[in-house]
Amino acid sequence: MPRQAPPETIILQQPQPKRSVMAVSRPLVMGVLNVTPDSFSDGGLYLDPDAAVSRAEQMVSEGADLIDVGGESTRPGSAGVSLEEELRRTIPVIRRLAKAVRIPLSIDTSKADVAQRALDAGASSVNDVTALRGDPRMASVVARHRAAVILMHMAGTPRAMQRRPRYRDVAREVAAFLMRQATQAQAAGISRSRILVDPGLGFGKSVAHNLALMRELRRFVALGFPVVIGPSRKSFIGKTLDADVGDRLTGTLACVASAFWHGVAMVRVHDVRACVQLLQMLEAIRGTHHAPWRQH
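In this text, residue positions in the sequence shown follow my numbering: the first is 2, and each later residue adds one.
In structure tokens, the structure reads:
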């Protein structure tokens with residue numbers, strides 16, 4: 002069994018003016034809220050702001066530590082949406098959630114203007130699937146707001162990323178990319194304590210690549226930044242288990258359990274209650290407990 006990792010300290014922001022530091026002995030649970038018509042798992046379910054807010058409140062009640070709001074699908078083969086459409090989908094929801102829930106909000110975007118508006122509306126972190134490469138202004142927006150940022154590895158673009166992805170050593174190459182982008186983020190003025198890294202399961206990787214990344218999670222933890230993974234309902238689980246998207250919870254939970262034992266700091270999931278209960282049980286077995294919010 003892998004050696005227990007020390008508690009991770011992650012600086013996030015709750016709605017102003019209070020700053021929160023979360024010290025955790027298990028992965029934080031980020032609830033996915035896609036306000037899109039075409040996301041691979043829940044597209045179209047939460048386009049209506051009332052439905053989106055209701056779903057977010059449900060995830061909070063199930064134990065989510067933060068909510069990630071996305072207005073542009075990044076599923077394999079997807080095309081981008083306009084700035085105006087992404088703003089229309091996300092900003093009203095974030096404004097309402099900033100008043101309705103008392104956990105941090107994240108904006109899932111690669112557009113600096115969307116990040117700017119979302120941070121102004123009450124979000125406190127940016128989940129950027131391009132790791133700051135998609136918009137030259139993104140790093141300055143994050144730095145200016147003193148926001149947290151998740152830097153994710155993706156080979157190519159969502160439209161083409163699954164066309165025969167190739168690596169010589171996928172874990173080594175992804176780790177090198179994440180370290181390079183984290184270094185550039187710091188050079189752009191983003192505090193090291195606000196940088197998280199994500200190896201990008203399902204983003205330009207084959208089934209074998211994704212499984213290799215899961216086996217090598219310690220390599221990413223060793224980079225010295227909190228590690229995020231997003232295995233939830235991904236196609237590599239479906240292909241491994243011959244399971245449709247609605248029948249991938251067991252595989253997702255297996256990945257979350259592996260993340261727990263390997264020192265991952267955050268898991269991005271759709272099925273919040275099941276993942277929270279899994280992590281609570283693993284903590285009980287290990288003899289640790291989730292440290293509460295500390296505000297100062």
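From the three backbone atoms N, C-alpha and C, an ideal C-beta is built for every residue, glycine too.
Around the beta carbon of Leu-280, 16 or more other beta carbons sit within 10 angstroms, so the residue counts as buried. In this chain, Arg-103 is not harboured by any alpha helix (DSSP H), its DSSP state being neither H nor E. DSSP, reduced to helix, strand and coil, places Ser-259 within a helical segment of the structure shown. Bridge partners of Asn-211 according to DSSP: none are assigned.
In this structure, Leu-214 keeps its C-beta atom at 8 angstroms or more from the C-beta atom of Ala-177. Checking the DSSP bridge columns, you'll see Ile-286 has no partner listed. Considered as a whole, the segment 119–194 harbours 139–146 and 171–188 as its complete alpha helix (DSSP H) runs of no fewer than 4 residues, in chain order. Within the same chain, and ignoring the five residues on either side of Arg-118 in sequence, the residues whose Cβ sits closer than 7 angstroms to its Cβ are Leu-88 and Ile-92.
Beta-bridge partners assigned by DSSP to Asp-51: none are found. Note on geometry: alpha-carbon atoms of Arg-145 and Gly-190 lie some 8 angstroms from one another. Boundaries of the alpha helix (DSSP H) around Gly-239: 236–242. Take Ala-149, set aside five residues on each side of it, and the residues of its chain with a beta-carbon closer than 6 angstroms to its own are Leu-13, Ser-126 and Arg-195, in chain order. Spatial neighbours of Asp-109 in its own chain (CB-CB distance under 6 angstroms, excluding positions within 5 residues in sequence) are listed in chain order as Asp-69, Gly-71 and Asn-128. A direct Cα-Cα distance of roughly 17 angstroms separates Leu-133 from Ala-124.
Here Ala-122 has Ile-92, Ile-95, Arg-96 and Ala-99 as same chain residues with Cβ atoms under 8 angstroms from its own Cβ, once five neighbours each way along the sequence are excluded. Contact between Gly-252 and Thr-241 holds: CB atoms are separated by about 7 angstroms, below the 8 angstroms threshold.
Between Ala-266 and Leu-29 a beta carbon distance of about 7 angstroms is seen, short of the 8 angstroms cut, so the two are scored as contacting. Inclusion of Leu-218 and Val-198 in the CB contact set at 8 angstroms is not warranted, their separation being larger than that value. Distance from the CA of Leu-224 to the CA of Phe-261, rounded to the nearest whole angstrom, comes to 17 angstroms. A Cβ-Cβ contact shorter than 8 angstroms links Val-36 with Ala-53.
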